[in-house]
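To start, the structure under review is shown below, and the notes come after it.
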Amino acid sequence: RCIATAALVVFLTPQSQAQTVDLSGRYQCLQAKVRGKVIPCKAAPLILKNDGRFELRGWEGSYLVNGEWVELSDSLIKTRAKIAPGHKIVLRYYGKHGLVEMTYERRVAEMGKTSLS
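Residue 64 in the numbering used here sits at position 2 of the sequence shown, with consecutive numbering throughout.
If you want it as C-alpha cells, here you go:
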C-alpha cells in the first residue's frame with residue numbers, strides 16, 4: 063500500500079518545465095530591429111556554452127532552456143529570449159532608442175567542411 067501511494071505521488075508530482083535541449087554554440091547576430099526598422103547587425107555573438115554559461119557583449123552569466131525560451135541571468139539581471147525556428151534566438155529589450163529586437167542564428171556547419179561530423 064505504501065509503495066502504491068509513493069508511486070502515485072511521484073507520478074502526480076509536476077515535473078520541471080526546464081528542458082535539456084542542447085542549444086549550446088556560437089550565435090551570430092543576423093539582424094537588429096530598432097523602432098520597427100530592420101538594420102544590419104554588427105553586434106558581438108551570443109555564446110551559449112555546454113556548461114550552462116553564456117557570454118554576450120561582456121555580459122556573462124548562466125542560461126536555462128525553459129520550453130520555447132532561453133532564460134539568461136546573472137546575479138542582478140534576468141531576461142529571456144525566444145527560441146525561433148532555424149537555429150535562431152530572438153532577444154527583445156528596451157534600449158535608449160526604444161524596443162530593440164536582436165535575432166541571432168547558430169551556424170550548424172562550419173564553412174569549408176563537407177560533412178557535419
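Note that beta-carbon positions come from the ideal geometry of N, C-alpha and C, so glycine has one too.
Quantities reported herein were computed from a predicted structural model and do not represent experimental measurements.
Euclidean distance between Cα positions of residue i and residue j
i      : j      : result
Val100 : Leu85  : 25 Å
Ile151 : Ser137 : 22 Å
Val162 : Asn112 : 27 Å
Ser179 : Glu167 : The predicted model places Ser179 with a pLDDT of 43, which falls under 50 and marks its position as unreliable, so this point remains unresolved.
Ala146 : Tyr125 : 16 Å
Ala106 : Cys91  : 7 Å
Ser135 : Arg142 : 8 Å
Leu153 : Leu110 : 14 Å
Tyr155 : Arg169 : 24 Å
Lys144 : Gly114 : 17 Å
Gly157 : Val127 : 24 Å
Where residue i falls: helix, strand or coil (DSSP)
i      : result
Gly160 : strand
Glu130 : coil
Leu138 : coil
Lys111 : coil
Arg168 : strand
Val154 : The amino acid occupying residue 154 in the given sequence is Arg; Val does not appear at that position. Correct three-state label for Arg154: strand.
Gly123 : strand
Ala69  : Low confidence applies here, because Ala69 scores a pLDDT of 36, under 50, leaving its location unreliable and the question unanswered by this model.
Cβ distance (whole Å) where residue i is taken to contact residue j below 8 Å
i      : j      : result
His159 : Arg119 : The Cβ separation is near 16 Å, so there is no contact.
Item checked: Start-end ranges of the beta strand (DSSP E) lying completely within the stretch 78-109, minimum 3 residues -> 87-96, 99-101
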